Amino acid sequence: MKYLALIYADPKVEPQPGTPEWGALMEGYQTFSERLNKDGAFLAGEALQEVETATSVRVRSGKAEISDGPFAETKETLGGFYMIEAPDLDKALEYAAQIPTAGYGTVEIRPVMTFD
Amino acid sequence: MTKSKPSTTEVHRAIDTVLRGDRGRMLAALSASLGNLALAEDCLQEAATKALTDWPKSGVPHVPAAWLIQVARRQAIDILRRSKRFQERSAELAQLKDEAMQKEPSELPDNRLALMFTCCHPALEPSAQVALTLHCIAGLTTAEIARAFVVQTSTMAARLTRAKAKIKNAGIPFGLPDEDARKARTSEVLRVIYLIYNEGYSASSGATPLRVDLCVEALFMAELLVHLSKGDPEAMGLLALIKFSYARREARAGDRNAYIPLDQQDRRLWDTQMIADGQAVLEQALSLGQVGPYQVQAAIHGLHSAALDASETDWSQIEHLYRLMRRMDGNPVIALNHAVAVGQAGDTERSLEMIADLEPVLAHYQPLYAAKAAMLARAGQISAADTAYLRAIKMSENAAEQDFLESRRALLSGIAH
Numbered sequence: 091m092k093y094l095a096l097i098y099a100d101p102k103v104e105p106q107p108g109t110p111e112w113g114a115l116m117e118g119y120q121t122f123s124e125r126l127n128k129d130g131a132f133l134a135g136e137a138l139q140e141v142e143t144a145t146s147v148r149v150r151s152g153k154a155e156i157s158d159g160p161f162a163e164t165k166e167t168l169g170g171f172y173m174i175e176a177p178d179l180d181k182a183l184e185y186a187a188q189i190p191t192a193g194y195g196t197v198e199i200r201p202v203m204t205f206d
Numbered sequence: 008m009t010k011s012k013p014s015t016t017e018v019h020r021a022i023d024t025v026l027r028g029d030r031g032r033m034l035a036a037l038s039a040s041l042g043n044l045a046l047a048e049d050c051l052q053e054a055a056t057k058a059l060t061d062w063p064k065s066g067v068p069h070v071p072a073a074w075l076i077q078v079a080r081r082q083a084i085d086i087l088r089r090s091k092r093f094q095e096r097s098a099e100l101a102q103l104k105d106e107a108m109q110k111e112p113s114e115l116p117d118n119r120l121a122l123m124f125t126c127c128h129p130a131l132e133p134s135a136q137v138a139l140t141l142h143c144i145a146g147l148t149t150a151e152i153a154r155a156f157v158v159q160t161s162t163m164a165a166r167l168t169r170a171k172a173k174i175k176n177a178g179i180p181f182g183l184p185d186e187d188a189r190k191a192r193t194s195e196v197l198r199v200i201y202l203i204y205n206e207g208y209s210a211s212s213g214a215t216p217l218r219v220d221l222c223v224e225a226l227f228m229a230e231l232l233v234h235l236s237k238g239d240p241e242a243m244g245l246l247a248l249i250k251f252s253y254a255r256r257e258a259r260a261g262d263r264n265a266y267i268p269l270d271q272q273d274r275r276l277w278d279t280q281m282i283a284d285g286q287a288v289l290e291q292a293l294s295l296g297q298v299g300p301y302q303v304q305a306a307i308h309g310l311h312s313a314a315l316d317a318s319e320t321d322w323s324q325i326e327h328l329y330r331l332m333r334r335m336d337g338n339p340v341i342a343l344n345h346a347v348a349v350g351q352a353g354d355t356e357r358s359l360e361m362i363a364d365l366e367p368v369l370a371h372y373q374p375l376y377a378a379k380a381a382m383l384a385r386a387g388q389i390s391a392a393d394t395a396y397l398r399a400i401k402m403s404e405n406a407a408e409q410d411f412l413e414s415r416r417a418l419l420s421g422i423a424h
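Chains as they are written, first to last, in the numbering used here: chain A, 91 to 206; chain B, 8 to 424.
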C-alpha cells in the first residue's frame, strides 16, 4: 500500500539553521531517506518552505478566491512529507516513528486511495 | 448432520449459539486466510444468512462453525474474483480455494490472539477498540453492546462500521505484532479488557436485566488472553486483579444499589473461591519475575482481599506497593492512592502534604476532596474536613456517592462534640 506521511511541527520549537541541533536533524533525515531507499519504500519526499509562504485557493460560484495563509491556522504546521510504500499500517507507522520531526512534532499517516 | 429436520426456532437458536460462542474463532480463522477482518465479517454475515435458509432443509451441521467458515470462504472467493485487482490477488485466491476445498475441519485453528491485537490496534479510537473486541472476541451482537454502553443500536452499528472501514482502508494488518512491538501492543489489549471490566463494574448499579454483564465478558477475555499468550505475566496480573475485584460484587451494593466502599463491606459476602483463584494466578505471575503495573495493582487488591476485617488490612505493604506503582506509572491518581495509603498506614501528616501537592493537578477530580476530607477528619481537623466534604459532594454527579459522602460528613459532628 501507499501511505503519505505528513510532517507537522511547531516552527517555534524547530531547530534553527546554523545550530548543532539543525545539523543533527538534517543528518537524521538523510539517514531516514537512505533507509527508505534501501528498503525500496521511498516513493517521494520533500521539505516545504515555511508556512508564511502558504497561499490558499477556494473556488466559489466559479470564482477563485485567493487568500494568504494555510488551510487551517494551527500552532503546528505542515513542514514536509514522504510518500511511502509499505505492506500495512504497522510498517508505515514504524517508518513514521523514525522521521526525526516525530520526536518533537507529529507525523500523520494517510493511506492513499486506490480506485478499484 | 442430524436426521430429523429442525424447526425454525431450533435453527435460529443454533445460529445464535454458534455466533455467540464461536465468533472469535471463526473470524480469526477467516481473517487469517483473507488478511482482512472487515471482509471476514461480511462473509461470515453472508454465511449466517445462508444458514437460515439451508439448515431448516439440510439439518444443523455436525460442526456449525466449520460449515459457516467453509461457506464464508466460498463467499470471499466470489468477492475477490469480482474485484478489479483480481490479478494481484490470484495467489490469495488460490490459497483460499485450497482451503475451501478441504473437508470441514472439526477443529479450528485458534487465531484469536491475532484477532485481539487487531481489535485493540492503537490506530483505532478507544471506544471502537472496546466495541470491536466485545463483538469479535466475546461474540456480543451490536444491540447487546449498544445496551451495555447505553447508546442507540444505530450509533453502535455506525461505530463498528467506521472501525471496520478504517481497518480495511488504512491497512491495519491481521496478525501477531513483531517481537519488539509485542509488549506495547499487549498492554493495549490489557487496557481494553480492563476498560470493559470497569465499565461493567461502574454500570452495575441500575442495571437492567437485559444488559449483558461486561464484568463477566472481561473475565472471559482476560482468561482467554492468559491462555493464548501462554501465560503473559501482565495478562495474569490483570486476570488476578479482575478476580479480586469481581469477588466483591455481592458486597459492594447496598439498599437501592447504594455503593458500599471497601472498608464498609460485609466481607462474608465475598466470593472466597474467586479470591483463592486470583491469589493462585497472581502467585504464578509474580514467580515469572517480570513485574508490571497490573501485577502490582492485583497485589494491592490481593492484600485487601486477604484481610478478614478492614482493620486487619496490611496498609504498610499496600503503601509499599503504591510506591512501586508510582515508579511505573506517573498518573496522579496513583499518587493520590499512594497518599491515602500513607495516611492509612499511620502518617496522616505526610498524607495531607502529599494530597496538597496533588491538588493543583487534580483540582477537578472529586475523589481527591473525598480523600482529603477523610484524612483531615482522621487528623482531627474537623472544620477543614467539613469544607472538603462539601466540595466533594458538590463535585459528585452520582446520587449514591453523594449520599455516602453526606453520611461521612454527618459523622464529623459526632467527632466535634
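Positions of the beta carbon are idealized from the N, C-alpha and C atoms, including for glycine. Just so we're clear, the structure is a prediction, and the values are computed from it rather than from any experiment.
Continuous alpha helix (DSSP H) stretch holding residue i: start and end
| i | result |
| --- | --- |
| residue 18(B) | 15-41 |
| residue 99(A) | Not the alpha helix (DSSP H): residue 99(A) falls in the beta strand (DSSP E), residues 92-99. |
| residue 325(B) | 322-335 |
| residue 315(B) | Looking at the DSSP string, residue 315(B) is not in any alpha helix (DSSP H), and its letter there is neither H nor E. |
| residue 53(B) | 44-65 |
| residue 386(B) | No alpha helix (DSSP H) contains residue 386(B), which DSSP labels as neither H nor E. |
| residue 340(B) | 339-351 |
| residue 125(B) | 119-126 |
| residue 71(B) | 71-89 |
| residue 169(B) | 160-177 |
| residue 188(A) | 179-188 |
| residue 363(B) | 355-365 |
| residue 112(A) | 110-129 |
| residue 253(B) | 240-253 |
| residue 156(B) | Per DSSP, residue 156(B) belongs to no alpha helix (DSSP H) and is neither H nor E. |
| residue 133(B) | 133-143 |
| residue 225(B) | 221-235 |
Identified DSSP bridge partners for residue i
| i | result |
| --- | --- |
| residue 306(B) | Its beta-bridge partners do not exist; DSSP assigns none. |
| residue 200(A) | 94(A) |
| residue 287(B) | Answer by DSSP bridge pairing: none, since residue 287(B) is not bridged. |
| residue 145(A) | 158(A) |
| residue 135(A) | 172(A) |
| residue 260(B) | 266(B) |
| residue 150(A) | 153(A) |
Bounding residues of the beta strand (DSSP E) (the contiguous stretch that carries residue i)
| i | result |
| --- | --- |
| residue 155(A) | 153-158 |
| residue 168(A) | 167-175 |
Residue i versus the options, residue with shortest Cα-Cα distance
| i | options | result |
| --- | --- | --- |
| residue 328(B) | 17(B), 408(B), 302(B) | 302(B) |
| residue 346(B) | 373(B), 370(B), 336(B), 378(B) | 378(B) |
| residue 88(B) | 100(B), 48(B), 80(B) | 100(B) |
| residue 57(B) | 321(B), 343(B), 74(B), 44(B) | 74(B) |
| residue 124(B) | 168(B), 102(B), 144(B), 268(B) | 144(B) |
| residue 333(B) | 304(B), 316(B), 416(B) | 304(B) |
| residue 13(B) | 254(B), 69(B), 359(B) | 69(B) |
| residue 362(B) | 354(B), 375(B), 353(B), 352(B) | 375(B) |
| residue 300(B) | 52(B), 71(B), 418(B), 248(B) | 248(B) |
| residue 100(A) | 106(A), 113(A), 195(A), 146(A) | 195(A) |
| residue 45(B) | 126(B), 267(B), 119(B), 11(B) | 126(B) |
| residue 220(A) | 144(A), 150(A), 151(A) | What the structure shows of chain A is the stretch from 91 to 206, and residue 220(A) is not part of that stretch, so it cannot be assessed. |
| residue 134(B) | 196(B), 389(B), 62(B), 188(B) | 196(B) |
| residue 403(B) | 420(B), 392(B), 389(B), 372(B) | 372(B) |
| residue 427(B) | 142(A), 103(A), 182(A), 186(A) | For chain B, the structure presents residues 8 to 424; residue 427(B) sits outside this window and is missing. |
| residue 319(B) | 335(B), 351(B), 297(B), 66(B) | 351(B) |
| residue 245(B) | 298(B), 257(B), 316(B) | 298(B) |
| residue 65(B) | 15(B), 357(B), 387(B) | 15(B) |
Cβ distance (whole Å) where residue i is taken to contact residue j below 8 angstroms
| i | j | result |
| --- | --- | --- |
| residue 349(B) | residue 326(B) | 6 angstroms |
| residue 162(B) | residue 153(B) | 7 angstroms |
| residue 34(B) | residue 122(B) | 6 angstroms |
| residue 32(B) | residue 72(B) | 7 angstroms |
| residue 120(B) | residue 183(B) | 7 angstroms |
Would you say the segment 169-181 of chain A touches the segment 130-139 of chain A, given that touching needs at least three Cβ pairs under 8 angstroms? yes
Contact the segment 172-187 of chain B vs the segment 122-139 of chain B: 3+ CB pairs below 8 angstroms: yes
Three or more C-beta pairs below 8 angstroms linking the segment 308-316 of chain B and the segment 271-290 of chain B: yes
Are at least three pairs of beta-carbons, each pair with one atom in the segment 264-273 of chain B and one in the segment 219-231 of chain B, less than 8 angstroms apart? no
At a cut of 8 angstroms, does the segment 237-256 of chain B reach the segment 381-396 of chain B through at least three beta carbon pairs? no
Quick check: the segment 189-197 of chain A against the segment 107-122 of chain A, are there 3 or more CB pairs under 8 angstroms? yes
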